[in-house]
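Note that the working numbering has the sequence shown beginning at 69, numbered continuously upward. Structure first, commentary second.
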Amino acid sequence: MKLNFVFLLLALIAEIIGTVGGFGSSVFFVPIGNFYFDFHSVLGLTALFHLSSNLSKIYFFKQGLDKKLILRIGVPSVIFVIIGGFLSRYISIKYLELILGVFLVLLSLLFLVKKNLVIKPRKKESIIGGSLSGLTAGLLGTGGAIRGLTMAAFNLEKSVFIATSAFIDFMVDFSRTFVYFSNGYIHVHDLKYVPFLFLIGVIGTYMGKKILVKIPQEKFKKLSLSLILLIGAITIVNLLIR
Numbered sequence: 069m070k071l072n073f074v075f076l077l078l079a080l081i082a083e084i085i086g087t088v089g090g091f092g093s094s095v096f097f098v099p100i101g102n103f104y105f106d107f108h109s110v111l112g113l114t115a116l117f118h119l120s121s122n123l124s125k126i127y128f129f130k131q132g133l134d135k136k137l138i139l140r141i142g143v144p145s146v147i148f149v150i151i152g153g154f155l156s157r158y159i160s161i162k163y164l165e166l167i168l169g170v171f172l173v174l175l176s177l178l179f180l181v182k183k184n185l186v187i188k189p190r191k192k193e194s195i196i197g198g199s200l201s202g203l204t205a206g207l208l209g210t211g212g213a214i215r216g217l218t219m220a221a222f223n224l225e226k227s228v229f230i231a232t233s234a235f236i237d238f239m240v241d242f243s244r245t246f247v248y249f250s251n252g253y254i255h256v257h258d259l260k261y262v263p264f265l266f267l268i269g270v271i272g273t274y275m276g277k278k279i280l281v282k283i284p285q286e287k288f289k290k291l292s293l294s295l296i297l298l299i300g301a302i303t304i305v306n307l308l309i310r
């Protein structure tokens, strides 16, 4: 059984950063995985990896779960990740990635410049954010940045942010795993990585939590938005140099 240990190391780094940023590792894991696997294989591995990753976050940050946001963001996320998963077979990924990159850059810049701008976590805003994050998760393999952007705009306490986001992400990943399996995205020859990715999910979350304890609440939102801005910029640049 031959494994690429550089890929596994990068997956661990992605998990740590995703935990500290509060939006999960897929925003980094997907572009990393694209260097080593075909896009559809990356979608399948991401869904399986995240099951362990998000269960770990739910356990380590369980005191922060917000049931109301789980319903308002989570239910539309699950519905739209299933739709996005099926559409991923038919829609050109390049244009979707460009739209996502521009969207993340503009919105994160808005909230970084307008520091006092806070969107109340009302029903309408929660449903819109959940729907968009679910759709992009199904299509592109990662919706955490949009969900993170939505929750950062709500100015949530960091344990609430991470635990609630992780629970919603788990619902999304559980749902899309079946869709990706039916699409043929989960390949037998890639399954050798799954046990290692499950372990990385636990270790990376634990290490991320240790780092997060040292980050003051007022700096957490800025850190999350800055990472989302970086993700958006990297997405755009990556498309331009392909």
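We treat Cβ as the ideally placed atom computed from N, Cα and C, and that holds for glycine. As the structure is a prediction and not an experimental result, all values here were calculated from the model.
In the same chain as N306, and ignoring 5 residues on each side of it, the C-beta atoms closer than 7 Å to its own belong to P99, in chain order. L77 has its alpha-carbon roughly 21 Å from the corresponding atom of L298. The three-state secondary structure of I187, taken from DSSP, is coil. The closest CA to that of S93, considering only F249, V181, A213, is found on A213. Residue nearest to G169 within the set G300, F91, S124 is G300 (criterion: CA-CA distance). For the pair I230 and S145, the CB atoms are not nearer than the 8 Å cut-off.
Just measuring C-alpha positions, the residue of V88, F105, A115, F75 sitting nearest G216 is V88.
Secondary structure of R244 (DSSP, three-state): helix.
With 16 or more other CB atoms across the displayed protein chains lying within 10 angstroms of its CB, E165 is buried. When only Cα atoms are considered, S124 and D241 end up about 14 Å apart.
The Cβ atoms of T273 and F128 lie closer than 8 Å to each other. Taking each of L293, G90, L203 in turn and checking the Cα distance to L174, the smallest one comes out for L293. For a cut-off of 8 Å, the C-beta gap from I141 to G197 is around 6 Å, short enough to register as a contact. Between L207 and S250, the C-beta gap is not smaller than 8 Å, which leaves the two residues out of contact. Per DSSP, S93 is not a residue of any alpha helix (DSSP H), being assigned neither H nor E. In this structure G269 is in contact with E83, their Cβ atoms being roughly 6 Å apart against a cut-off of 8 Å.
In this structure L111 is in contact with Y248, their Cβ atoms being roughly 6 Å apart against a cut-off of 8 Å.
One thing to note: K226 has its Cβ within 8 Å of the Cβ of F288. Pairing S201 with L137 gives a Cβ-Cβ distance that is not under 8 Å. Under the three-state reduction of DSSP, H108 is assigned to helix.
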